[in-house]
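Residue numbers for the sequence shown follow the numbering used here, so the first one is 49 and each next one is one higher.
Glycine is no exception: its CB is placed at the ideal position from the N, C-alpha and C atoms.
All values derive from a computational prediction rather than experimental measurement.
To keep things clear, I will list the structure first and then write my remarks on it.
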Amino acid sequence: MYKKLSKTQKIINKLNSGRNVTWSYLKTKVKSPRSLIDTLRARGMCIYRNQTSEGVAYRVGSPNRAMIAAANKALGNTTLQYTYN
């Protein structure tokens, strides 16, 4: 027997697939897409919001050096590290 995936995990899997996830898709899956995206960002996922011809879409990306530098500056130390490929 297999364990059923939660709604959040299904959205995470869809985001990690590399494709854009539209607002309308999220709205059919969860009550508050914005709240879910904010929660995933708070967990450390780097989720970008893009305006597309279909409306608003979200995707997972890699933070650039400026974003990491800003986070380190905000924390007052260099605890955040990122390996660039």
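If you draw a straight line from the Cα of R97 to the Cα of A122, it comes to about 22 Å. Between T56 and L84, the beta carbon gap of about 7 Å places them in contact (Cβ cut-off 8 Å). For the pair C94 and N112, the Cα-to-Cα distance works out to about 10 Å.
For R91, the closest of I116, S80, I60 by C-alpha to C-alpha distance is I60.
Sixteen is the threshold: when 16 or more other Cβ atoms of the shown chains lie within 10 Å of the Cβ of Y106, as they do, the residue is buried.
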